[in-house]
Amino acid sequence: MPAGHDAEERATALAALREQLADAGGRRGLTRKDIVARSAAAGTPVGATTISKALNARHPAPTWPTVAAIARALGSSDMVLQRLREL
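Each residue of the sequence shown is one higher than the one before, counting from 0 in numbering that gives the first Met the number 0.
Laid out in structure tokens, this is it:
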């Protein structure tokens, strides 16, 4: 597989990941501040700046622990976490 194709796939997956996380928060009516509080309550605190960067396409891809912490704070199921991991 050409290297450019792999990069395109990663970029597409990253965009899908960010969209899914943002949509999950929006559907639940959660603000970034709510996500910060929920992540701390879940034992995996994530700061507002980290959340903002994770959801913003102008920043590098978030790490898996950051994605997982945000997803858990949003109340995502283990199945959703697995799907996110596969992106």
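Note that the Cβ used here is the ideal one computed from N, Cα and C, for glycine as well.
Checklist entry - Which whole-angstrom value is the C-beta distance of A56 and A14, which I expect to be below 8 angstroms? => result 7 angstroms
Next on the checklist: Does R26 pass the burial test, meaning 16 or more other C-beta atoms within 10 Å, or should it be called exposed?
Outcome noted: exposed
Item to check | Of the listed residues E8, M78, R17, nearest to T65 (C-alpha basis) | outcome: Of E8, M78, R17, the residue nearest in Cα terms is R17.
Item to check | Pairwise C-alpha distance: T49 and A12 | outcome: Answer to the nearest angstrom: the Cα atoms are 19 angstroms apart.
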